[in-house]
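K.L.:
Taking the working numbering, the leading residue of the sequence shown gets 1, the next gets one more, and so forth. Ideal placement from N, C-alpha and C gives every residue a C-beta, glycine not left out. Model, not experiment: these values are computed from the prediction. The structure follows.
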Amino acid sequence: MEIRKITEKDLVQSAECAVQAFGGTIEPADLKMPEYDVIATFEGDILTSRIEIYDKQVYFGHGQLHTLGIGGVATKAEYRRSGSVRKLFNHIFDNYDCDISILYAFSSGYYRKFGYETVAPAMSLETPITNLTAKYYPDVHLLREENESELIELYNRLAEKRNLCFARNNANNFSLKPFETQDFTYAVKNENGEFSGYIAYNFNREESLITVNEIIFDTMTDLEHLLGFLRFFDANIKNIRFEKIPVDSPIIYFCDREEWAKRELKSMGSVRIHNVANVLKMKKYPDSAGNFTIKINDEIERNNGIFRVEYSNGTGKITKTDGEFDIELNAPAMSKILLGGISYHDAHHLPGVNIINENDDFYRAFLPADTQFYDGF
Numbered sequence: 001m002e003i004r005k006i007t008e009k010d011l012v013q014s015a016e017c018a019v020q021a022f023g024g025t026i027e028p029a030d031l032k033m034p035e036y037d038v039i040a041t042f043e044g045d046i047l048t049s050r051i052e053i054y055d056k057q058v059y060f061g062h063g064q065l066h067t068l069g070i071g072g073v074a075t076k077a078e079y080r081r082s083g084s085v086r087k088l089f090n091h092i093f094d095n096y097d098c099d100i101s102i103l104y105a106f107s108s109g110y111y112r113k114f115g116y117e118t119v120a121p122a123m124s125l126e127t128p129i130t131n132l133t134a135k136y137y138p139d140v141h142l143l144r145e146e147n148e149s150e151l152i153e154l155y156n157r158l159a160e161k162r163n164l165c166f167a168r169n170n171a172n173n174f175s176l177k178p179f180e181t182q183d184f185t186y187a188v189k190n191e192n193g194e195f196s197g198y199i200a201y202n203f204n205r206e207e208s209l210i211t212v213n214e215i216i217f218d219t220m221t222d223l224e225h226l227l228g229f230l231r232f233f234d235a236n237i238k239n240i241r242f243e244k245i246p247v248d249s250p251i252i253y254f255c256d257r258e259e260w261a262k263r264e265l266k267s268m269g270s271v272r273i274h275n276v277a278n279v280l281k282m283k284k285y286p287d288s289a290g291n292f293t294i295k296i297n298d299e300i301e302r303n304n305g306i307f308r309v310e311y312s313n314g315t316g317k318i319t320k321t322d323g324e325f326d327i328e329l330n331a332p333a334m335s336k337i338l339l340g341g342i343s344y345h346d347a348h349h350l351p352g353v354n355i356i357n358e359n360d361d362f363y364r365a366f367l368p369a370d371t372q373f374y375d376g377f
């Protein structure tokens with residue numbers, strides 16, 4: 001079995017493989033080489049499986065982590081259960097230099113075999129618009145292409161305050177042609193006249209539904225103003241649905257009847273640490289001093305071993321060591337806890353965790369984080 005990046009002569013086979021996994025159709029004459037990497041397994045001249053790899057950055061702790069976005073994982077039907085996807089992931093682990101990777105799993109259990117774990121749950125919330133208590137608020141701004149730089153600056157300023165939010169340096173994930181796409185982006189300003197929050201939404205008159213795909217804000221006042229704008233639809237739209245928001249989103253506090261707010265848990269996405277030392281260094285720790293020692297068991301060799309962390313004033317000193325340790329983690333548990341945090345209770349029930357010594361400094365360092373990421377690949 002050969003593993004390599006696809007070339008132009010492989011485009012049709014790669015697209016056919018994707019169609020077998022995800023459906024759809026292809027027009028061979030329209031296929032072009034992608035701007036991202038696609039690696040594939042081959043049996044002779046036959047492409048049997050493929051994975052798309054996107055180069056990204058996410059906000060974490062004191063800065064950003066180099067991140068691979070993993071997508072388009074597909075295998076031709078007749079080559080499934082042959083181990084080819086495992087070989088592709090091993091190839092990524094061995095050949096791509098990054099801190100973490102993120103994927104949106106069709107099955108969390110399947111990708112747990114490769115060291116991925118759901119970092120945090122997400123939620124959709126649907127409620128009648130008339131259930132919102134925010135006062136009508138008209139002072140909003142419809143964003144278009146001329147607002148691209150302002151929107152990118154606003155997004156990154158707010159995203160860096162949230163755990164694992166993707167950094168954005170272009171408008172690919174925004175809709176700034178509302179009357180061509182029927183996807184609208186509205187922003188509000190704070191008392192200093194600066195953009196301080198935005199929503200991205202579309203609506204369906206037949207279903208009488210507004211779908212908010214992104215809502216990002218700085219303060220509760222910004223949130224109230226965004227919801228107050230959405231209330232203007234209550235005359236001709238019945239319901240509003242917020243997609244992929246944190247389970248503790250304060251939107252619920254603006255619902256007069258909480259029982260009218262239908263909530264559905266979803267996966268935010270699955271994460272995998274490739275370089276645990278870099279993650280531990282980038283993490284923001286408590287100001288008060290503490291220390292702990294963890295043992296990592298992982299197929300990625302550089303992650304294996306015992307790491308001692310001594311922290312104070314928000315930063316940590318990381319040392320690879322030998323000897324005793326407080327807690328032992330396998331790859332999925334490592335990825336979940338070190339990137340997203342965990343409660344004391346959940347740490348005692350998460351598979352892959354072996355607590356040797358109850359060290360409060362560890363739990364203080366890894367309180368559940370405000371994790372939120374949207375971007376598809």
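Return the Cβ separation of Gly-72 and Arg-50 in integer angstroms, given the expectation that the two are a contact with Cβ distance under 8 Å.
P.N.:
About 7 Å; that satisfies the 8 Å criterion.
K.L.:
What residues in its chain sit with their C-beta under 8 Å from that of Leu-350, if we drop five residues either side in the sequence?
P.N.:
Around Leu-350: Ala-333, Lys-336, Ile-337 and Ile-342.
K.L.:
Between Phe-60 and Asp-287, what straight-line distance do the alpha-carbon atoms span, to the nearest angstrom?
P.N.:
When rounded, the distance between both Cα atoms is 17 Å.
K.L.:
Taking the continuous alpha helix (DSSP H) assigned at Pro-178, which residues delimit it?
P.N.:
Unbroken alpha helix (DSSP H) run through Pro-178: 178 to 181.
K.L.:
Is DSSP giving Thr-221 helix, strand or coil here?
P.N.:
It is helical.
K.L.:
Measure the CB-CB distance between Gly-69 and Ile-102 and report whether it falls below 9 Å.
P.N.:
Result yes, Cβ atoms of Gly-69 and Ile-102 sit closer than 9 Å.
K.L.:
Given a cut-off of 9 Å, decide if Ile-129 and Asn-202 are closer than it, judged by their beta-carbon atoms.
P.N.:
Cβ atoms of Asn-202 and Ile-129: not closer than 9 Å.
K.L.:
Buried or exposed, going by whether 16 or more other CB atoms sit within 10 Å of the CB of Ile-273?
P.N.:
By the neighbour-count rule (16 or more Cβ atoms within 10 Å), Ile-273 is buried.
K.L.:
Nearest to Leu-280 by alpha carbon, out of Val-19, Ile-92 and Thr-293?
P.N.:
For the residues Val-19, Ile-92 and Thr-293, the minimum Cα distance to Leu-280 belongs to Thr-293.
K.L.:
Whole angstroms is fine: what's the gap from Leu-11's alpha carbon to Asp-370's?
P.N.:
Leu-11 and Asp-370: Cα-Cα distance of roughly 40 Å.
K.L.:
Please classify Asp-45 as buried or exposed, where buried requires at least 16 neighbouring CB atoms within 10 angstroms.
P.N.:
Answer is exposed; the Cβ neighbour count stays below 16.
K.L.:
Excluding the 5 residues flanking Ile-385 on each side, which residues of the same chain have their C-beta closer than 6 Å to its C-beta?
P.N.:
Limits of the chain in this structure are 1 at one end and 377 at the other, which puts residue 385 out of reach.
K.L.:
Any chance the stretch 109 to 121 sits against the stretch 144 to 158, with 3 or more Cβ pairs inside 8 Å?
P.N.:
Contact between the stretch 109 to 121 and the stretch 144 to 158 is absent, because fewer than three Cβ pairs lie under 8 Å.
K.L.:
What is the rounded straight-line gap between the Cα of His-345 and the Cα of Pro-368?
P.N.:
The alpha-carbon atoms of His-345 and Pro-368 are separated by roughly 12 Å.
K.L.:
Quick check: what's the CA-CA separation for Ile-313 versus Ala-365?
P.N.:
Looking at the sequence provided, one finds Asn at residue 313 rather than Ile. When rounded, the distance between both Cα atoms is 12 Å.
K.L.:
For Gln-372, does the three-state DSSP call read helix, strand or coil?
P.N.:
Gln-372: coil per DSSP, three-state reduction.
K.L.:
What are the boundary residues of the alpha helix (DSSP H) that Ala-331 is part of?
P.N.:
Element bounds for Ala-331: 331 to 340.
K.L.:
Per DSSP, which residues does Phe-184 bridge with? Please list them.
P.N.:
Answer is Tyr-201.
K.L.:
For the alpha helix (DSSP H) containing Gly-109, list its first residue and its last residue.
P.N.:
Its alpha helix (DSSP H) spans residues 108 to 112.
K.L.:
Using only alpha-carbon positions, find the residue among Glu-243, Leu-227 and Glu-2 that is nearest to Asn-131.
P.N.:
Nearest C-alpha to Asn-131: Leu-227.
K.L.:
Buried or exposed: Ile-356, going by 16 or more other Cβ atoms within 10 Å of its Cβ?
P.N.:
Exposed, since its Cβ has fewer than 16 Cβ neighbours within 10 Å.
K.L.:
Please report how far the alpha carbon of Arg-144 lies from the alpha carbon of Phe-233, in whole angstroms.
P.N.:
Rounded to whole angstroms, Arg-144 to Phe-233 spans 21 Å at the Cα level.
K.L.:
Can you look up Pro-351 in the DSSP assignment and give me helix, strand or coil?
P.N.:
Correct three-state label for Pro-351: coil.
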